[in-house]
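In the working numbering, the protein residues as written are 2 to 128.
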């Protein structure tokens, strides 16, 4: 379904923004607002993770045509699963601002790259 395609791209872009906020928050102020909204309540974090899980299931079982029936969008699905596991590990914990967290920054750039490739080339199948 095309709706899950668009939602997965938006979710991946917002997730990459949350991952890269400490490094680029001074340049892009909406990232600071996004992080403040995300960290405002634990319920907000749980809702965001639940929406991500539904999107993950949607892109696994309803891929964009001409992909296979199951696991057509394997690259965005795998990236979304990794991002969800990362955020699930951080639920309820207060973060200290760490500008040079290389693993988190790398995950943010990879997530942004996957979102861009998934958006620009929706019909390619990588299996």
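Glycine included, every Cβ here is placed at the ideal spot set by N, Cα and C.
Inter-residue Cα distance where the pair is residue i and residue j
i	j	result
residue 33	residue 111	20 Å
residue 104	residue 4	31 Å
residue 101	residue 92	21 Å
residue 51	residue 115	21 Å
residue 113	residue 56	17 Å
residue 28	residue 107	18 Å
residue 83	residue 19	14 Å
residue 38	residue 123	30 Å
DSSP state of residue i mapped onto helix, strand, coil
i	result
residue 93	coil
residue 17	helix
Cβ neighbours of residue i in the same chain (closer than 8 Å, five flanking residues each side left out)
i	result
residue 74	6, 9, 60, 61, 64, 65, 68 and 119
Beta-carbon proximity list for residue i, same chain, < 6 Å, skipping 5 on both sides
i	result
residue 26	32 and 33
Inter-residue CB distance, residue i and residue j (contact presumed, cutoff 8 Å)
i	j	result
residue 81	residue 13	7 Å
residue 35	residue 11	Residue 35 to residue 11, Cβ: 12 Å. No contact.
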